[in-house]
Every structure is written in C-alpha cells, then in structure tokens.
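This report refers to the structure that appears directly beneath it.
There are 4 protein chains.
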Amino acid sequence: MRKPTIRVALIGQGFMGRAHSNAYRQAPHFFDLPFALDCRVICGRNRESLEKMAGIWGWSQVETDWRAIVGRPDIDLVDIAVPNALHAPIAIAAAESGKMVLCEKPLATSAREGMRMAEAARLVPNMVWFNYRRVPAVAFCRRLIDEGRIGKVFHYRATYLQEWGNDPDRPPGWKTQRAEAGSGVLGDLLSHLVDTALWLNGPIREVSALLHTFAPDRDVDDAALLLARFDNGSIGTFEATRYAVGFRNRNAFEIHGERGMLRFNLEDLNRLEFLDATGPRNLQGARNLLVTGPDHPYAANFWKPGHIIGYEHTFIAALADFLKAVASGEAPHPNFDDALRTQLVLDAAERSACSKTWQQAYDEAV
Amino acid sequence: MRKPTIRVALIGQGFMGRAHSNAYRQAPHFFDLPFALDCRVICGRNRESLEKMAGIWGWSQVETDWRAIVGRPDIDLVDIAVPNALHAPIAIAAAESGKMVLCEKPLATSAREGMRMAEAARLVPNMVWFNYRRVPAVAFCRRLIDEGRIGKVFHYRATYLQEWGNDPDRPPGWKTQRAEAGSGVLGDLLSHLVDTALWLNGPIREVSALLHTFAPDRDVDDAALLLARFDNGSIGTFEATRYAVGFRNRNAFEIHGERGMLRFNLEDLNRLEFLDATGPRNLQGARNLLVTGPDHPYAANFWKPGHIIGYEHTFIAALADFLKAVASGEAPHPNFDDALRTQLVLDAAERSACSKTWQQAYDEAV
Amino acid sequence: MRKPTIRVALIGQGFMGRAHSNAYRQAPHFFDLPFALDCRVICGRNRESLEKMAGIWGWSQVETDWRAIVGRPDIDLVDIAVPNALHAPIAIAAAESGKMVLCEKPLATSAREGMRMAEAARLVPNMVWFNYRRVPAVAFCRRLIDEGRIGKVFHYRATYLQEWGNDPDRPPGWKTQRAEAGSGVLGDLLSHLVDTALWLNGPIREVSALLHTFAPDRDVDDAALLLARFDNGSIGTFEATRYAVGFRNRNAFEIHGERGMLRFNLEDLNRLEFLDATGPRNLQGARNLLVTGPDHPYAANFWKPGHIIGYEHTFIAALADFLKAVASGEAPHPNFDDALRTQLVLDAAERSACSKTWQQAYDEAV
Amino acid sequence: MRKPTIRVALIGQGFMGRAHSNAYRQAPHFFDLPFALDCRVICGRNRESLEKMAGIWGWSQVETDWRAIVGRPDIDLVDIAVPNALHAPIAIAAAESGKMVLCEKPLATSAREGMRMAEAARLVPNMVWFNYRRVPAVAFCRRLIDEGRIGKVFHYRATYLQEWGNDPDRPPGWKTQRAEAGSGVLGDLLSHLVDTALWLNGPIREVSALLHTFAPDRDVDDAALLLARFDNGSIGTFEATRYAVGFRNRNAFEIHGERGMLRFNLEDLNRLEFLDATGPRNLQGARNLLVTGPDHPYAANFWKPGHIIGYEHTFIAALADFLKAVASGEAPHPNFDDALRTQLVLDAAERSACSKTWQQAYDEAV
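Residue numbers (my numbering), protein chains in the order written: chain R, 455 to 820; chain V, 455 to 820; chain F, 455 to 820; chain B, 455 to 820.
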C-alpha cells in the first residue's frame, strides 16, 4: 500500500532552511512515517544560492517570491524558516489557503501578531519548530516529571548563553535588527527557554524582567533576565544572552523538586542529570545519564546505545512527530497555540522591563 | 623577640564556634602571625556542652553571659558567632569597650542596625566572617579580574543552593525563626553571594527581588531571587535557596567579561574555571584550574600543589589576614563598612520583594 | 559539468550497513564531493529485511550472494560491512575485479590474512572504516600534535569500555563467536584504540598483553589489556573490554607530552580537553574545547559553532575524505596498509598473551 | 578520669613531618581519642629549621640523631617520616625497644627489608601511613564493596599521575636517588595504588610490569605500568608516573563489577562516583556523591554535610583510627604486615620489568 504524499514548500535558505531540508531527507530513514514526502519547492531571495541549495538537498523547484507559493494547489505544507517579521504574513496566507504550516520560532514578533496567526491556523495542522522538545534527554526529562520522579517542583532555572554578541568581526545580520527580528534574545533565545519551561513545568503566572543592550547603536536586546512565578507554586529564573563569553550555545536548565533534581545542557545534548532524593541520603548524587537508550525517547530510531546523536536530529524527530500527529488526527505540539503562550510570557517580559514592575504573564481570557 | 598577645573571647558554641575555634588553633601553624593568640574564654548558653567544647579546643575559661565578657579588661578581641539578632548588641558593646570585634555574617538583621554597628566599630579593628573571600580560588579569581584577564564585565551570575529546607526530619533551629535570624536565606546565603559580588564586581545599583517561603507556618524566606544592575554596567542574577534539592552547599558564581569567563563552585572549592577569550578561537575552552599552587593565593601556607584544602581553611586564612592588617595598621576586609554595603543590598531586596518594583541598592549618602 | 558517478555495492545489512547507508545519503549534503554516488545494490543474507532496508535507504537492488556482486561490471565500489571472517574473501575478490574497496574494521582476523588483503588491494583505492579518525575532536587532536602543541610524548593511555558482555539478556551474536569474528574485543575494540594510537603517536614497537574471557563457554576474549612501547620513546597502556559495567561506549584516550596534554572520550565526541603546559603555571588547566568550530576539522561542513554532531557524522566525513583522495589520486587513509599495521599489533598482543612475554609488534620486513 | 598519655617522637622534618605534626594537633579536636598525646620530641638533621618547626607545632624538644630517640624510656611511640632507606633501621630499632611504630610509606625499599621490619614489629602496635584509606570517599567505597553494591569485580583500573618529573627547574631531592628512595614511582606512587587495591579488591596474584626512566642520568623509575590478575578473578591495570603533564596529584581508580561501578580521584577527594547497575537501564548513570555526610565515614567528625575537607584530614583520621585500635587491643590497619603485601607486589613488578615476563606477586609462604 502506498503512503499518501505530502508536497512541501520550504521558505528560507539560511541556517534553518538547511536544518529543515536535512529533516525532510532524514526523517524517512529513521522513522516509519505515515506519509511520503515530496520536496517540491524551496523559496528564498537569492536565486543563485537557492539553486545550489536545491541541488544539494533535492528540492525540485526554486522560487523567489513566497506569495507565489502559499496558495499553490500542488503544495500541501508550507514550512517557514525566514526572519521573524515575515512569519505572520506567510503563515496566515498559507493557513488561509488551507496548507499545513510549520513555522520557525519565535512564532511572532508580538503576542498580538501571534494571536492572529493562531486564529488563522485553527483549521490546519500546524507546529512551531521549538525543536529542543525533541532532544531525547529533554523528552526523557518530561517523562520523568510526568512519572512524579521529582515530585512537586520548587525551583526552575534556565539559561541560554551565547557569546557572539561580543564578536566585533561578526557581520551584521537580521537577528540584531528590530525591523526583521522584532526583538533580540527575547524572541531568539528566551523563547526557547520559555517553551521548554511551559512544557516541563506548566504556566508562568507573572514575571519581572530586565532587558539590556550592550552594543551601542543596536535596537534590540542583547540580554534578557527574568524572575518568574509558575502556576504550580514554583519560582524560576531565566537568563538569555549573546554576551556570555565562554559559551557557544549553552541552553541549560535545572529543576529542583521535593523528590529530586533534573539538569540539562544542550552542548551535551545526549546527557541528562537526574538526582533521586527518595533513597538513602548517603547514596544521593546527580546521575549522569547518557540518553542514547535503551528505553529512552527516540533511541530506537537512531543508533545503538552509547552512540550519540547531534543537533540536527531534533528537527528530524520533530518532523516525524508532526506527521504522526497529522495522520492520527491529533494536534501536533508545540503548535501555534502553545507558541502563543510563550509569546505572552515574552510580551509580559517586555512590559515588565519597560515599567520596572512585575507583570502578569497571561490573560485569563487566553 | 616575643610577639604581642591577643586575648580572645569567643561568643558562640555552635557550628561557627567550632570553625572559629579551629581557626585560632590552626592559624599559627600555617601563617607567621604578628601576634600570639590566647584563647581566653568561650561563651555560650549551655554550660555543660560549653565545658566540653572548651576542653577540646583549649579555651581557658567558660562563661554563659556575654555581658560579663565584652568589657573585661583582660580581653582584647571579641568574636561573635551567635544568632544574628545578637550581633548588634554584642558588637556595639564590645566595640564601645574598645575591643577588636570579629562578627559572623550577616553583619546585622537590617541595614539600620548595621549602620549603628559600623558607627560603633569605627575606632576598633573589625571584620565580618565572610570567609569565602579567602577561598584560594576566589581570591585568585579576584586577582585575575584585577589583572584585566576578563576585561569589562557583562554578566554576573550567582547561586547559593542548599536543600535542607525540604528535610521534614530536621529539627527546627534559630535559622528559620525571624526573631533570632532576622531573615531566612536573605541574611544566611544571599549575604554571602552579595559580599562576593561586591568584592569581585563592584557596587550594585538597583535590584528586583522575589522572596518566597515554601514551608507553611515559617516567618522567614526560604528562597531569594534577585536581578541586579551593577555600577560597572554589568547585569546580574542571584539565587539563594534552601529548597534546591540535589545540592548540599553549592555556592557558585559565573562571570562573563569581554575577554574571558570565570566560574567557581564551593563544593569544589579547590577549583576555578577560567576561559581566556583573547587567544585563537579554536583553542578557547574553560580551563579547570586546581588552585593549590604554585603561585596561587595561600598555597604557600598550606600543602604542596595538588593537595587540596577544605572548608575550614577559609577561616584560618581570614583570621591570619585580619591579624596581619591589625599589625600593619591597615583596615581589615571585609569589615563592618564593607558588610554594611551588603546589608544595604539585602534591604533593597526586601523592599523590592514587598513593593514588586525595582529598588535602589544604595544611597549616595552612605 | 556533471560529476562522474561511482556505483556502490554495499554488503551488509546490520548496524554497520545502516551507518554506511546513511553516509552515502548524507555525504553529498554536507560535502562538495568530486563524484556522484549511485546506491546500486545492497547485499545481505535475509531478503525480507534487505528489501525493507533498500526501500528506506534507497538502494536500487537487493542481492543475497556477495559473489554475484563483486565482479559485476556495473559496480565501481564494494563496501564490506559483514562479520570479520568474510572480510578477506570479499575484499580480495572485489579488489581482484578492480573495484574500489571499503572494508569495516578490523581489516582481518589475523595479520597473515591482512597481508593477503593488502597485497590484493595494492592497485585499487581502498579504505578501512576506522571512522573515529574523522571525529572532529580526534582530527583536531592530530592537528595539535602535528603543530607540536604537546611536544615530545611521554605517555599514551587508551581505553575502550563497553558493558554489554555482562548483560545476561543479550541474544548471542557473531561478535562473540570465533568462527565469525576471529577474536573478541581484540578485533572489535582494541583495533580502534590501536588505529588511533598509531595515527596520533606513531608505531608501537613491543607489547605485553593479557586477554581474558569472563563468560563461561565463550571462545573469544572479553577483555584485552596491553602495555606498549612506542618508537618515539613514549609508553602506553591500552584496555578494551565488554565488562566495564557503567559505560556504554567509552572510547577514550589521554596523551601526556612535555608541553601539554590531550584527552578525548567518544561518549562526548564533540569535546576535546587540551592542557597547554607552556604558559604560567598558575593558569594551567585542562581546557574543555567544544570542537564544533570555528576553525575545527569538518566544522564548516556541518552546523554552526555550538551545534553538536553525532556518531554517524564520522562515517559521512570518512566517505567524503575517501572520495576526495580518489579524485586527487592520493592514497586514502586509513587504508589496508595502515590497517595491517594495526593487525600486526593485535597479532603481537595475542602472541604475548599466550606466551606471557613481551612481543615485538612489527617486523622490519613489513 | 584522665586519659592515659602517649608520648610521641616524630622523626622527620619535611612535608610529611608537617602533615604528621598537624595530625597530632588536630586529632583531639575532631575525635574523642582514648589517649592524650604528648608531642615530646621532633627529630631531624637540620637543627635550625627543626627548632622553628618545633616552635610552630609545639614539639617540646628537638633532636638531630634518631638513635638518641628510639630507645628513650620517655617515648611511647616513634613516628618515622624520613627517606625510605631509613625506614628499616629506625623502625626495627624502635620496635625492638618496645615502642609503637608509625612509618611512612612505602614500608621499605624491598620486600626482604619489609619482612625484617614486619618481624621486628610483631609485638608492638604499628601502622604504615597509607593515608588514602582514610579519605572518606575511599572508605565509603570499601563499605559499598563490602555491602555487595557492585558485586563480583571484573576490572580494577588505577592511575597515580604527577607531572613534576618534567619540571626542569625543580631542585633534585631524595625521591629521585636510589640510595635514599630505593626506587622511583614504584615505592612513592605505585605503592599507594597497590595498598588501596589490595584493601578494596583483595590479593594480586601475578603481574606484568614496565618500568621506565625518562630523565637522563636518573637511577630510579619515573613511570611504572602494571597489568595484574587478582585472586578474585578480576584483572587490573596500574599506572604511576611523574611525567603525566597536566596532573598535579591525580590518584584515581575505577572498579567495574557485575552490579555496578565505583570511581575516585584524589584531586576531588570529597567525591565518589557510584553507578548502580541493578535498577532500570534508562536510569543508570554514574552518581556524583559528595562524601561529606550524612552517613559517610568520618563525616560526623569534621564539618556539616556539603562542607568539604582536605588532604590533611586523611592523616588525622588515620591517627585516630590507630589510637582507637590500640586502646581496643585490635590490630591497626594498614600495619606492617599489610604493607609487606604491597611490598611483595612491588617486588614482583621489579622482577617482571627486568625479565619481561609475568611474575607471581606473592609466595604461598608469606
């Protein structure tokens, strides 16, 4: 029996375009997908490099205007991997044309924009590429929390530390321009931390934030610091920055509960630290788990236990999970509604940083 | 030539009384002190255990009323290691009697009280036992900062993580009662973080804080979270808690500057991590320094390189530094004035947590 | 201009068959290869699973008899990923038919067999899949050694620690049967250590070895311990075992030289530790390098700095390097001759373990 | 009731003399000893520095000839902390005078000499300062082994890595002269590894060793490599060296058993890694235990949980254990007989290195 085919249009030819392309190529190798994938068209502004990219990754066609794509009848899925300011127009147009929509994070440049997107996508399968939920160690962390392994949570602590803000030789890019990015680390890095936190620890009620720009003449935030109160009674700190000299890409969290602790760091993404506080005190210590199987999320899909995976596999697994959800009729996660909740926390952070007061992170109405 | 003798009265018979007793016994073994030390009298409320303690540590006399000691003409130095609420009356009385005064941290239960203490001690040598400044790795960290090794600082991040708040079997003690302690982790743990931060990174200008009590029926804070802006333009996060299940005593900091990074953790107090960001990019990585010599602070006093020291050595070195300063006529550090600056930050944190707004951490007038 | 095409026959449908299949699919995505690759035929004993595998990975044909493949005129390259005892007959037949030959490690089940293979492959491009040479951190280690960063070497220490020998539930497989594997960890794990050692530290002159079988009724070695003297004057220890409970796949080495130290561990394959012993003593410490760029081997091919890669990428890079060497007319490495040198060390180890004396690891004649 | 007094003569004024002096001063502070200690006399060759040392540590008298001490009726215990070649004459003389004898490691410069010492000391309490048995983490390791936590042992792996052999600026000392030291790392470092191994894993049956001298014109071994078979069926590797550039004092071991793993490293002496292989596979990982209590060896004697101890505390605890054994009439450990077993392994290692064959590590007759 032949699998139904999904015809994909990828919009974006940068780093994310490459990571997504890889996911389309690799997902069928590691997952028994319910659909066949047809890499139909890749869209970007630079035709020359686009054609090269299409050749490498096997996209059948190239296109330089996203408007020419989102309504095409021979496209089933639109994947958005372009600067943040373009997420809303493309996603809304695609959704309104009935396409499935995958969108890079952050969902939008504001909560208001995010609401419009979530509304538009209500009737189509959709997902936001908060890929780190698919790190096996992070997914395993979620499973341990669900099993009650750390019990009631007291503290949540997350940092996303990069250093390239301090690099004077780095050419300017869209990520440091408000017109294209909407914000700095707030949308770029803090959004990742918040998505993971909401997934692992539930809703954030209120926040106090500090946004700071170190670089002169830059109109976006280089660093975002956040205190938070969660609905479950726990309290948290968040820190995202591009000026953490010494770290390339340290996306890390620590969670302390009444029965144990969990720690993760993306630079060692195959590892999770787990402390079980329920046994004898003199044998309590953080266990360094190599989350490559057996009996770990996604382990059966990739290699044998002890053989680590990399960054790109999170995209592969996210795509596979999305397709499985579509086939089963369930809502994929994190979808636009999930991502909107993250956006509301980011919005509250911005308001807090402006007003120098605590701000509610969500509206009962949402 | 005989050294002049300092006759010491130690007030306190708990954990700190023991750590200080050890310092008086051990300092002459490792440092060439300018004074001889006479362990004259130890004072506490429980005579029976006090006599046992005096026997073990060689205190010549025992006394159960501190008032009988602070004015005694045969005492030169009064060392205060009792619950926080008693710091001010004892220190003021001792200082007004012209004694040198050593006081456990935090200096006081409020900035107002601390100001009175600092005022009273203006004319006598004084020091507060923020002993972690004497961890060799921390002192070496300060030296590297002074040498410009990490350049202009962007981020300061400190955590003091303990877990005993979550232990239901632990008997109640003075540290969780406002009447004796003045506060919870604010004075107990956050004070350490702030003292170290002010020493390493300079004054804190303003703070936003969250204080939280997890235990029902407890009138002090179990956790304190802080965002801060420093005078030098850097920004910081602080977290002190007794509910960080998984950590016994993790007092840690990370500092990111334009030229490098420094990291420390008290549970591995002989180690300092240093990243030099000025060399070739492909050789940049955090170096794990074993700060046991050669050419490290205090290394010549203790054992050979590679032979680690413990918690107690910080008190030994602090006492030795104090005595050396007294002999040379210089002000010891951290003294009451230094500790008052920490107290002002703690005060601002309390005000911030109450008002849910940012608060100035110091007054120009101070 | 179209690239010339290489038509590949892969013999093997196990774990290695899958890893190689992935390499053929992914190499063109990450490397600008001088050849196009045609995944022509996959060969294995089980037709049903073979067809499934061909479907997943895109092999055009399936075949169950390797003899039907090695001489086919429409095949340019034969890739051998079957149990060790079959390496020699397949490789020799393929080479004699003029095919390029890639062969899984160990090259052979004995040095004598390896010699015949090396002889047969003299006129065709060939390589042995000692893939760990292509771990970026290992390749960077080699570069640092070549640059003289650690100077004259004193000590080389390598361990390959697995634990599955101790798993009573594991079904028996060819790796624990002498008829198929030729040896136990000697060929399976120690061969990796020796290949890396020869590459990084030069020839091994003589060895003293201990081979041990823990499992009753097993005819291969479960553990191999080795002392070694290298030609460059350094001395080494090697340990390979399937009974190192606690480690899934810890392939690690440490090298001490007069100017520094290097350390690596496959379970954290994106990291390399480097200590520079030439600077100030008080700043010497092992640096934890995240070998993901910039300016690290293969970093430009995969993702951005700070985004880690996994196990499979070593095969991708090995294949790309092989094809590049073929196009340029240079000898690929490690080739059969290189692998024969490893085989001679393994042979000496077996003789030493039998005779309980030191044995020369190579013959001047080789 | 007054405690009986032990009058101590310490022979040695170097690094060990200082460590032992500290132990005599500190043991009564941390342990409820069955004896009072009278630091009667310290003996060394250099009177000037000896008097300074006596002043600092409170030795009542100084003496420059050990022969004048060992028979003195007012001495109960002779503690030997001098170069190895003097251990035997002093220990034998002291023991024959009926003194208790404490002796620095290694016991002797040869097994033959060690036998004479053990014979002479048969009737007096005696101990060898293999102080690392008293590292709390090592003692806890022994307890876990005794409890069967790791079950039947497969592998024992130990390294003692120092780097000072490579320091061209280091002045020559007795440790690198055969006349005084008897051997190089064999007696100095390997002896520590072997003592710990025998204590944790039982007798060693046979060994294959390599001894190597890197420095020109040096008559002792700079590095010692050892393969070993234990009586319990496990196999081991040992490596001791002064040329492991990058490590100041890394005394480490790893033990793999059928039910778990244990790892230790002296540079982090408050930590022990323990892996329990009996629980669910996906939760198995090495636990990082901070061995500072509660319920850890010696934890009740020193500071509170989370407050680490240092190198010197191992001597304090060793002395306390010795005195407790003397009071109870039990044999202290490790005593001369224990140390002789280590000496026999070292002897076998020397014979093996000379003959390039395996050698039995003990004689049934011993």
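By construction, the Cβ of each residue, glycine as well, lies at the ideal position given by its N, Cα and C atoms.
Within the same chain, S645, V648 and D649 come within 6 angstroms of T796/V by CB-CB distance, once the 5 residues on both sides are set aside. The beta carbon of V661/R sits no closer than 7 angstroms to any beta carbon of chain V. CA-to-CA, the gap between S637/B and S564/B works out to about 9 angstroms.
For F707/F, no chain B residue has a Cβ inside 8 angstroms of its Cβ, as the nearest lies near 13 angstroms away. For a Cβ distance threshold of 7 angstroms, nothing in chain R lies close to D749/F: the least Cβ distance comes to about 13 angstroms.
Counting other Cβ atoms within 10 Å of its Cβ, F684/V reaches 16 or more and is therefore classed as buried. Put simply, the backbone Cα of R672/B is about 20 angstroms away from that of Y614/B. Rounded to whole angstroms, the gap between the alpha carbons of V589/F and E573/F is 29 angstroms. Under the 7 angstroms criterion on CB atoms, N742/B is classed as non-interfacial with respect to chain V. Contact of G700/B with chain F is assigned, a C-beta pair being separated by under 7 angstroms. Around the beta carbon of F484/B, 16 or more other beta carbons lie within 10 angstroms, which makes this residue buried. Taking C-alpha positions only, E550/R is separated from L794/R by approximately 18 angstroms. At least one CB atom of chain F sits nearer than 7 angstroms to the CB of Y697/B.
Here the alpha carbon of T695/B sits roughly 59 angstroms from the alpha carbon of G525/V. For Q616/B, no beta strand (DSSP E) encloses it, and the DSSP letter there is neither H nor E. Here F707/F carries a strand assignment [DSSP, helix/strand/coil]. Its Cα nearest to that of A481/B, the residue I510/V stands out among Q467/V, I496/V and I510/V. If you draw a straight line from the Cα of A731/B to the Cα of R713/B, it is about 5 angstroms long.
Taking 9 angstroms as the cut-off between beta carbons, the residues of the region 765-794 of chain F near chain R are Y765, E766 and H767, in sequence order. In the DSSP assignment, A473/B falls within the unbroken alpha helix (DSSP H) covering F469 to F484. Where D801/B is concerned, the enclosing alpha helix (DSSP H) starts and stops at F790 to S809. Around R717/F, the same chain offers E708 and E727 as residues with beta carbons nearer than 6 angstroms, after the five sequence neighbours per side are excluded.
N724/R places its beta carbon 7 angstroms or farther from that of A706/R. Comparing alpha carbon positions, the residue from L640/F, A542/F and L556/F closest to R461/F is L556/F.
Residue contact check for N703/F against chain B: no CB pair falls below 7 angstroms.
The beta carbon of L640/F is closer than 6 angstroms to those of D675, A678 and L800 in its chain, skipping five residues each way along the sequence.
Counted as a single uninterrupted DSSP element, the stretch harbouring T630/V is not any beta strand (DSSP E), since DSSP gives it neither H nor E.
V495/R is bridged by DSSP to A463/R and Q515/R. Per the C-alpha coordinates, the member of A753/F, D492/F, E617/F and D533/F positioned closest to N580/F is D533/F. Sequence-distant Cβ neighbours of L487/R in its own chain, meaning closer than 8 angstroms and more than five residues away, are K457, A481, A774, L777 and K778.
As the crow flies, the alpha-carbon of L665/B is around 41 angstroms from that of G700/R. At a cut-off of 7 angstroms between beta carbons, G760/B contacts chain V. Under the Cβ criterion of 7 angstroms, N620/V is counted among the residues facing chain R. Taking CB atoms only, I496/V has no neighbour in chain B less than 7 angstroms away.
Only exposed fits R624/B, as fewer than 16 other CB atoms lie within 10 angstroms of its CB. Classified as exposed, Q515/F has fewer than 16 neighbouring CB atoms from the shown chains inside 10 Å of its CB.
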